[in-house]
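This report refers to the structure that appears directly beneath it.
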Amino acid sequence: MTEASSINNKVKGYSMYSNIKNITSGKGLSFDIVGLDASIVNGLRRTILNDIVNLAFRYESGEKSIIVNKNTTGLHDEFISHRISLLPVMVDKWLESPGEVNIDSYSFVLNVSESSQKKKGGLVTTDDITVKFNNNGFVTEIDPKKCFYRDKKFDSPILVTRFPNRDSSDQELNVEFTLTKGTHSDHACYSPTVFCVSFEKENDDSKEKVHEFKLESIGIWSPYKLVQQGFLNLIYKCKNIYKKVENNESGHKYKGNYMGIDYRLDGESHTIGNMIQEWIYNAEFTEKLDGKNLSHISYHEPHPLENHIIVRFVLKEKKAPKDFDVYKQKTDELFLKYLRELEDFLTNCLMNWKKTTKSDSKRSLL
């Protein structure tokens, strides 16, 4: 039995998650992860922060979905647009069936003035936004309370701005905006969380490694669903890399003074790179310093602004073929084997999470 299959059997036999607690009025979650390597815990944390697809409004040129038609307030257009872009927006059924929800059918308008807000003390909130849905020409108005998150304790909307009563002029603000999709790696406006952190417990009585994991959702995603989607993202990454290696789309000779294979993985980062490195290292070098098949496994990110990583394989000299094609075939086989094992392990982690928390029934915060 391989080490990976042994770990998988262990995962199936007990709950990896304990001390599960709701925090911050149900928006947040705190739990312990038992027996999981720090690289996988950190990968889960990173993918929740950066790779969850979310809805938001964009204000930059080129990606702009916020149009300021009129603004005679004390705040300039860019400031107002930035405020609106950070509003956590919620669309019914988008999480359940994103392919069936046309976000272009939704339109948002904020058309207020100093006089219209006088009874509210000059405050402009998400309750003042007009939301319309166009269903094949039939337009209906939607209560903004259903589209923007509200404080559960006080049932209060989000403050956008306020009109200070400074002079006799009637200040006005007219802004139109539409929805866009993206991830936090594209822009902070798509962030699904207020925070997402993990740390290893040092004074725990368990013989296994225990990591405490905390996150708080902002917007439509429930914290349970964020963890579930995080595991799905990691599984997808494994499948995508597997396909590239299998189709010979990646892998070239290392340009150093020894034989090795560098796999360039476009669109990937430390999130999956560290997981792959640690998974293979633990399988190859745990029992002895001399690896079973490899003498070296590593990854690096050539530049923080270049969206790719390189994973390097070096075979043991006694087992290393001198012909490049045969050498690469051997490293391909090893890479595919370990990717398959890592994917299976992450799938078991996901199944364990769904079974322990019933996360399928906790889809959104609407």
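Residue 526 is where the sequence shown starts when you use the working numbering, and the numbers rise one by one after that.
Note that beta-carbon positions come from the ideal geometry of N, C-alpha and C, so glycine has one too.
Predicted model only: the values in this text are computed from it and were never measured.
DSSP places residue 844 outside both helix and strand once states are collapsed to three, so it counts as coil.
Counting the other CB atoms within 10 Å of its CB gives residue 840 a total of 16 or more, which places it among the buried residues. Taking each of 650, 634 and 660 in turn and checking the Cα distance to residue 625, the smallest one comes out for 660.
Sixteen is the threshold: when 16 or more other Cβ atoms of the shown chains lie within 10 Å of the Cβ of residue 809, as they do, the residue is buried. Using a 10 angstroms sphere on the CB of residue 681, the tally of other CB atoms stays under 16, which defines it as exposed.
In the DSSP annotation of this structure, residue 810 is not part of any beta strand (DSSP E); the continuous alpha helix (DSSP H) holding it starts and ends at 795 to 810. Judged by DSSP in its simplified three-state form, residue 878 adopts helix. DSSP places residue 563 in no beta strand (DSSP E) but in the uninterrupted alpha helix (DSSP H) bounded by 563 to 575.
For residue 706, the enclosing beta strand (DSSP E) stretches over residues 705 to 707. Residue 580 holds the alpha-carbon nearest to the alpha-carbon of residue 711 among 765, 699 and 580. Here DSSP, grouped into helix, strand and coil, assigns residue 598 to coil. Counting only residues of its own chain and dropping the five nearest sequence neighbours on each side, residue 770 has a CB closer than 8 Å to the CB of 776, 788, 857, 860, 861 and 864. Rounded to whole angstroms, the Cβ separation of residue 708 and residue 631 is 20 Å, and the two are not in contact under 8 Å.
Nearest to residue 596 by C-alpha distance, out of 735, 551 and 639, is 639. Three or more Cβ pairs closer than 8 Å define a contact, and the stretch 737 to 746 meets that threshold against the stretch 554 to 561. Under the three-state reduction of DSSP output, residue 646 falls in the coil class, being neither helix nor strand. Leaving aside the five residues that flank residue 868 on each side, the residues in its chain whose CB is nearer than 8 Å to its CB run, in chain order, 760, 763, 764 and 767. Short of 6 Å from the beta carbon of residue 669, and not among the five residues preceding or following it, lie these beta carbons of its own chain, in chain order: 651, 652, 654 and 656.
Taking 7 Å as the cut-off, the Cβ atoms of residue 717 and residue 565 do not count as close. Residue 786 and residue 830 have their alpha carbons spaced roughly 23 Å apart.
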